[in-house]
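So for the sequence shown, UniProt numbering puts the first residue at 1; every next one is plus one.
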Amino acid sequence: MTDNSRQIDYWNEVAGPKWVRVQASMESRLSGIEDMLLARAQPRPGERILEIGCGTGTTTARLADAVGPTGHIVAVDVSKPMLDIARIRLAGHPNATLTEADAATAAFPHNFDLLTSRFGIMFFEDPVAAFTNLRRALKPGARLVCVAWAPIADNPHWSVPLGLAIDRLGPPKPRRPHAPGPLGLDDPAFVTETLARAGFTHATVRAEPVTLLGRSLDQEAEVAATMGPAGALLDEKDADATTRAELLASFRDALPGYADKSARMRATIHLITAHCS
Ligand SMILES: C[S@@+](CC[C@H](N)C(=O)[O-])C[C@H]1O[C@@H](n2cnc3c(N)ncnc32)[C@H](O)[C@@H]1O
Numbered sequence: 001m002t003d004n005s006r007q008i009d010y011w012n013e014v015a016g017p018k019w020v021r022v023q024a025s026m027e028s029r030l031s032g033i034e035d036m037l038l039a040r041a042q043p044r045p046g047e048r049i050l051e052i053g054c055g056t057g058t059t060t061a062r063l064a065d066a067v068g069p070t071g072h073i074v075a076v077d078v079s080k081p082m083l084d085i086a087r088i089r090l091a092g093h094p095n096a097t098l099t100e101a102d103a104a105t106a107a108f109p110h111n112f113d114l115l116t117s118r119f120g121i122m123f124f125e126d127p128v129a130a131f132t133n134l135r136r137a138l139k140p141g142a143r144l145v146c147v148a149w150a151p152i153a154d155n156p157h158w159s160v161p162l163g164l165a166i167d168r169l170g171p172p173k174p175r176r177p178h179a180p181g182p183l184g185l186d187d188p189a190f191v192t193e194t195l196a197r198a199g200f201t202h203a204t205v206r207a208e209p210v211t212l213l214g215r216s217l218d219q220e221a222e223v224a225a226t227m228g229p230a231g232a233l234l235d236e237k238d239a240d241a242t243t244r245a246e247l248l249a250s251f252r253d254a255l256p257g258y259a260d261k262s263a264r265m266r267a268t269i270h271l272i273t274a275h276c277s
């Protein structure tokens, strides 16, 4: 058992299969964030990129296109169900290597120009040890550009369904601060301190407003009942089918409060940058 074994099991047995079920909605809602990440990361032809928690490989494909045939991307994930989809998507990209491994402990070559991730770096049990391992994979002068979720209070697509689920089922088990999970890097001071302790320089965390591009109000209600903190609470409380259906309907009713008719939702992310000297 590694330190991250709980998250590895979770992403193979619970979250990965769920993500695959709502894959089209997830890819649509997060696409604007991918644009923002690429605009900041500026991947260039010929570069070597290490991507953490690549999931189903949407960002991977765009990064592979950006570095071109003279560059290379190594994309790492612990979730076999997510990687199975990424492998199909990346089949025509000989410059991409997909690896099933725990990024916190995997042995990487030491020659990457860019370390990047869209929401794949919040799940480490020991973030300083994990980022130290990742920093060692970078060349001097390389850059880190990643995104993670900002606090739940700035993300109504999560806080509203979670509030409704708590009203019905009671609160989740208490979590220690910075515990691995979607909100594990929601504290800018913790992120900059973690990166500094891992040997990065010039670490910055900028809160950025983004728009999640939901496909429809119905599909967004399904995502809220499946993924994120509300979906996790339904699992934690072992909600039965009737309760799930009633909560799904209440999420659907609440959506117009934070989304427009086309299911576009305000959200906030942290754009995290640092250097390797
Ligand atoms: C929220 S998903 C994001 C997936 C993808 N980056 C995207 O934006 O669509 C988080 C991903 O991180 C992966 N992950 C979690 N812990 C990991 C670890 N220790 N090493 C590598 N990947 C990890 C999960 O399996 C999952 O695919």
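Every residue gets a Cβ at the ideal spot worked out from N, C-alpha and C, and that includes glycine.
As assigned by DSSP and simplified to three states, the class of T268 | Annotated three-state conformation of T268 is strand, per DSSP.
Touching by the beta-carbon criterion (3+ pairs, under 8 angstroms), the segment 232-245 and the segment 52-63 = Between the segment 232-245 and the segment 52-63, the count of C-beta pairs closer than 8 angstroms stays below three; the two stretches do not touch.
Whole angstroms is fine: what's the gap from W19's alpha carbon to G228's?
-> In this structure, the CA atom of W19 is about 10 angstroms from the CA atom of G228.
Is the closest heavy atom of ligand 2 to the C-beta of S5 under 7 angstroms?
-> By its list of ligands, the structure shown excludes ligand 2, since it contains just ligand 1.
Residue of W158, E27, P94 and T59 minimising C-alpha distance to A221 | Nearest C-alpha to A221: W158.
Boundaries of the beta strand (DSSP E) in which R48 is found, first to last residue = Unbroken beta strand (DSSP E) run through R48: R48 to I52.
Whole-angstrom Cβ separation of L185 and V191, contact assumed at under 8 angstroms?
-> Sure, about 5 angstroms apart at Cβ, within 8 angstroms.
When we look at the beta-carbon of I88 and count the other beta-carbons within 10 Å, is it buried (16 or more) or exposed?
-> It counts as exposed.
Return helix, strand or coil for A239, following the three-state DSSP convention.
-> The three-state reading of DSSP puts A239 in coil, since its state is none of H, G, I, E or B.
With distances taken from CA atoms, which of P174, F251, F112 and H270 is nearest E47?
-> When each option's Cα is compared against that of E47, the closest is F112.
With distances taken between CB atoms, is the gap from A130 to I272 smaller than 8 angstroms?
-> Not in contact: A130 and I272 (Cβ atoms no closer than 8 angstroms).
Give me whichever residues DSSP pairs with A77 in a beta bridge.
-> Note that residue 77 is Asp in the sequence shown here, rather than Ala. Its beta-bridge partners are E100.
Would you mind stating whether T60 and A96 have Cβ atoms separated by less than 8 angstroms?
-> Contact: yes.
Can you give the Cα-Cα distance for A274 and A249, rounded to whole angstroms?
-> Taking the straight line joining both Cα atoms gives about 42 angstroms.
Report whether the distance from the Cβ of F124 to the nearest heavy atom of ligand 1 is below 7 angstroms.
-> At least one heavy atom of ligand 1 lies closer than 7 angstroms to the C-beta of F124.
Own chain, CB closer than 7 angstroms to L164, minus 5 neighbours either side, in chain order = Shown here for L164: same chain residues with a beta carbon closer than 7 angstroms to its own, the five before and five after excluded, namely L247, S250, F251 and A254 in chain order.
Which one of L37, V145, R176 and M36 has the shortest CA to CA distance from A203?
-> Ranking L37, V145, R176 and M36 by CA distance to the CA of A203 puts V145 first.
Pairwise C-alpha distance: A104 and V223 = The alpha-carbon atoms of V223 and A104 are separated by roughly 28 angstroms.
For K139, the first and last residue of its enclosing beta strand (DSSP E) | In the DSSP assignment, K139 falls within the beta strand (DSSP E) that extends over L138 to W149.
Taking the alpha-carbon positions, what's the D3 to K261 distance?
-> Going by the C-alpha atoms only, they are around 43 angstroms apart.
Distance cut-off 7 angstroms: G228 Cβ against heavy atoms of ligand 1 | No.
When the distance is taken between beta carbons, is T268 closer than 8 angstroms to G32?
-> No, these two residues do not count as a Cβ contact at 8 angstroms.
Cβ-based neighbour list, W11, same chain, cut-off 6 angstroms, excluding 5 preceding and 5 following | Taking C-beta separations shorter than 6 angstroms and ignoring five residues to either side along the sequence, the partners of W11 in its chain run V78 and S79, following chain order.
Identify the continuous alpha helix (DSSP H) that holds L195 and give its terminal residues.
-> It spans P188 to R197 - the alpha helix (DSSP H) in which L195 sits, taken as one unbroken run.
Alpha carbon to alpha carbon, how far is P256 from M1? Give it in angstroms, no decimals.
-> The pLDDT assigned to M1 is 43, lower than 50, so where the model puts this residue is not dependable; a value taken from the coordinates is nonetheless given after this. Each residue's Cα considered, the two are about 44 angstroms apart.
Compute every distance between the C-beta of S79 and the non-hydrogen atoms of ligand 1, then say whether any falls below 7 angstroms.
-> Yes, since a heavy atom of ligand 1 falls inside the 7 angstroms radius drawn around the Cβ of S79.
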